[in-house]
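Engineer: Pasting a structure below so you can have a look.
There are 2 protein chains.
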Amino acid sequence: MSDPRPIGIFDSGIGGLTVLAALRDRLPGESYLYLGDTARLPYGTKSPETVIRYALRAASFLAAHDVKLLVVACNTASAAALEALEEALPIPVVGVVWPGARTAAAHARARVGVVGTESTVASGAYRRALTALRPELAVSARACPLFVPLAEEGWLDHPVTHDVARIYLAPFAEEGIDTLILGCTHYPLLRPAIQAAVGAGVELVDSGPAVAAEVEALLASRDLAGTGGGVRLQVTDGAARFSRIARVILGAHASDLELVDLAD
Amino acid sequence: MSDPRPIGIFDSGIGGLTVLAALRDRLPGESYLYLGDTARLPYGTKSPETVIRYALRAASFLAAHDVKLLVVACNTASAAALEALEEALPIPVVGVVWPGARTAAAHARARVGVVGTESTVASGAYRRALTALRPELAVSARACPLFVPLAEEGWLDHPVTHDVARIYLAPFAEEGIDTLILGCTHYPLLRPAIQAAVGAGVELVDSGPAVAAEVEALLASRDLAGTGGGVRLQVTDGAARFSRIARVILGAHASDLELVDLAD
């Protein structure tokens with residue numbers, strides 16, 4: 001028994017590719033259909049109502065392509081729209097907030113920092129999840145609006161990125177956090193600069209591997225595991241730009257790229 | 265005879281407020297209706313087709329509010345969509361590319377640099393305008409994708425902004441440009457860092473004042489000049505964030521802010 005339907009993954013742009021890479025590493029036998037909603041990117045500075053509207057449209061597009069499970073590989077959309085997506089879709093939906101929070105709660109000693117977009121931090125989603133899991137943890141969160149543009153510019157390990165990381169993350173270093181949640185799927189791309197800014201002793205939590213483990217368990221429990229493999233990438237705008245960055249993250253697998261219209 | 269209808273101004277976000285400020289300085293007797301299409305911001309990384317679609321929708325929204333003239337206070341939209349807007353609307357349309365190019369052509373000695381978003385630079389709009397006006401000018405252009413996020417972050421005269429400006433603009437300094445067109449309406453907000461990076465001898469051209477002069481001439485020639493004054497600001501998302509930045513650019517006048525839906 002195997003289910004050949006693809007796993008659907010969506011993000012506002014390229015960040016979710018880090019989650020796709022983690023999924024492909026853990027579940028190479030699955031097929032993946034990735035949708036980057038680049039025509040409406042970035043989600044992280046937009047209001048929850050707008051993010052919900054965009055997320056529902058992207059999800060219904062993927063559902064129409066017969067995906068068996070949806071991964072919301074965007075923290076902003078996971079924080080704002082997960083409940084709306086679960087209500088709207090007949091398939092399992094996995095966000096990135098809870099898997100990341102569970103990983104952090106399993107490893108943290110006393111103080112957890114959270115970095116993300118303005119929307120994700122304002123939503124308080126990680127704080128609520130961490131407090132539900134381990135009420136005694138001290139949690140502090142900070143928005144880092146320049147991290148996404150720096151990642152999109154390809155300045156992944158650039159001196160300017162190190163400077164920006166030091167400025168944004170200095171309060172965490174002073175507070176003495178032991179764990180830092182990378183609450184935006186772009187941020188693992190900036191790992192060297194972020195690690196240097198908070199110090200080598202701080203554990204960085206990237207939700208990609210945690211999401212992959214959760215998806216594996218879900219597929220097994222519902223008898224949905226597939227065979228086949230392969231990655232199909234679709235974007236709503238700017239295919240050339242996306243393709244260039246996708247190759248950096250995914251390697252040679254980023255060849256099959258299509259431009260689609262969500263009819264807005 | 266006076267025409268009390270407002271002047272419509274639109275931009276993808278906050279950048280066009282620098283053009284609005286220049287208009288208000290020169291034509292304080294006019295009323296202004298500003299639309300920031302923040303739900304779809306930024307335009308500068310998107311394809312021409314997408315920018316045209318967004319620009320037409322924003323313009324038809326303003327036209328429905330009975331504006332007498334439309335200022336496209338966004339270089340990306342001016343470069344991609346001006347012809348489409350002129351065809352679609354029964355009122356005069358003023359973009360920012362030609363006024364900026366005319367100002368530069370009037371002042372330049374031999375070498376002009378152009379900075380803008382990826383879309384604006386890829387369009388070649390400034391190069392074409394400058395070459396049409398003064399074919400002997402040497403023109404070089406460079407996209408500066410981090411300038412908009414830095415301006416939106418409020419790091420206007422920040423050390424990081426100075427570093428980024430030095431990195432982006434070093435080739436211009438080596439080429440020995442005498443004039444630099446700020447081909448994005450956000451960029452005047454970063455003037456100190458940009459000026460420092462290219463050197464005090466380089467003339468910076470901000471299209472805001474040039475647009476204001478062109479609008480004044482147009483209103484006079486068509487007998488459309490108004491009386492009244494007042495600024496009305498509308499955004500398609502994130503009113504709180506916009507309001508904070510608008511106050512920095514416009515001062516106390518940014519109070520009357522509304523959230524509108526372009527129904528996408």
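Chains as they are written, first to last, in the numbering used here: chain E, 1 to 264; chain U, 265 to 528.
Virtual Cβ for every residue (Gly too), placed ideally from N, Cα, C.
As the structure is a prediction and not an experimental result, all values here were calculated from the model.
#1: According to the Cβ coordinates, are Pro413 of chain U and Leu146 of chain E closer than 8 Å?
#2: Return the chain-ordered list of same chain residues with a C-beta closer than 6 Å to the C-beta of Ile245 of chain E, the five sequence neighbours on each side being excluded.
#3: Under 8 Å, Cβ to Cβ, is there at least one residue of chain U near Gly251 of chain E?
#4: From E:Thr103, E:Ile9, E:Val19 and E:Leu82, pick the residue whose C-alpha is nearest to that of Tyr187 of chain E; which is it?
#5: Report buried or exposed for Thr309 of chain U, applying the criterion of at least 16 other Cβ atoms within 10 angstroms of its Cβ.
#6: Counting only beta-carbon atoms, is Glu417 of chain U nearer than 8 Å to chain E?
#7: Of the residues that make up the region 53-85 of chain E, which ones have a beta carbon closer than 7 Å to any beta carbon in chain U?
#8: Are there three or more Cβ pairs, one per stretch, closer than 8 Å when the region 498-507 of chain U is compared with the region 471-483 of chain U?
#9: Based on DSSP bridge pairs, tell me the residues matched to Asp314 of chain E.
#10: According to DSSP, simplified to helix, strand and coil, what is Val202 of chain E?
#11: Specify the secondary structure class of Val499 of chain U as computed by DSSP and reduced to three states.
#12: Going along the chain, which residues of its own chain have a beta-carbon closer than 6 Å to the beta-carbon of Thr367 of chain U, five neighbours each way excluded?
#13: Under 8 Å between the Cβ atoms of Val93 of chain E and Leu70 of chain E?
#14: What residue range is occupied by the uninterrupted alpha helix (DSSP H) comprising Ile52 of chain E?
#15: In angstroms, rounded to a whole number, what distance separates the CA positions of Leu514 of chain U and Ala285 of chain U?
#16: Is the region 216-226 of chain E in contact with the region 26-39 of chain E, if contact means three or more CB pairs nearer than 8 Å?
#17: Just the chain U side, please: which residues come within less than 8 Å of Pro145 of chain E by C-beta, in chain order?
#18: For chain U, check one thing: does any of its Cβ atoms lie closer than 8 Å to the Cβ of Gly238 of chain E?
#19: Apart from the five residues on each side of it in sequence, which residues of its chain come closer than 8 Å, Cβ to Cβ, to Phe274 of chain U?
#20: What does Ser47 of chain E touch in chain C if you count any residue whose Cβ is under 7 Å from its own?
#21: Please decide whether Ala39 of chain E counts as near chain U, where near means a Cβ-Cβ distance under 8 Å.
#22: For Arg127 of chain E versus Val139 of chain E, is the C-beta distance shorter than 8 Å?
#23: Using the rule of at least 16 other Cβ atoms within 10 Å of the residue's Cβ for burial, across every protein chain shown, is Pro268 of chain U buried or exposed?
#24: Short of 6 Å in beta carbon distance, which residues of its chain neighbour Arg40 of chain E, apart from the five on each side in sequence? Order them along the chain.
#25: Give the interface partners of Asp163 of chain E over in chain U, defined as CB-CB distance under 8 Å, in chain order.
#26: Residues of chain U with CB under 8 Å from Arg241 of chain E, in chain order?
#27: Taking only beta-carbon positions, decide if Thr185 of chain E is within less than 8 Å of chain U.
#28: Under a CB-based cut-off of 8 Å, is Thr491 of chain U close to chain E?
#29: Tell whether a beta-carbon distance below 8 Å holds between Leu189 of chain E and Ala151 of chain E.
#30: Helix, strand or coil, according to DSSP, for Thr340 of chain U in the structure here?
#31: Between which residues of its own chain and Leu89 of chain E is the CB-CB distance below 7 Å, once the five residues before and five after are set aside?
#32: Taking Cβ-Cβ distances shorter than 7 Å, what residues in chain E pair up with Thr314 of chain U?
#33: Alpha carbon to alpha carbon, how far is Val164 of chain E from Ile7 of chain E? Give it in angstroms, no decimals.
#34: Could you check how far apart the C-beta atoms of Ser383 of chain U and Val315 of chain U are, in whole angstroms? I think they sit under 8 Å.
Structural biologist: So, from the listed chains and residues:
#1: yes
#2: Ile14
#3: no
#4: E:Val19
#5: buried
#6: yes
#7: none
#8: no
#9: Residue 314 of chain E cannot be examined here, being either before or after the span of chain E that is shown, 1 to 264.
#10: coil
#11: strand
#12: Val469 and Ala474
#13: yes
#14: Pro48 to Ala64
#15: 6 Å
#16: yes
#17: Pro413, Glu416 and Glu417
#18: yes
#19: Gly280, Tyr298, Leu299, Gly300, Asp301, Ala319, Ala322, Ala323, Leu326, Leu334, Val335, Val336, Ala337, Cys338 and Ala341
#20: Protein chains in the displayed structure are E and U, and chain C is not among them.
#21: yes
#22: yes
#23: exposed
#24: Tyr54
#25: Pro423, Val424 and Asp427
#26: Thr309 and Glu382
#27: no
#28: no
#29: yes
#30: helix
#31: Ala59, Ala63 and Leu70
#32: Ala39 and Asp237
#33: 35 Å
#34: 7 Å
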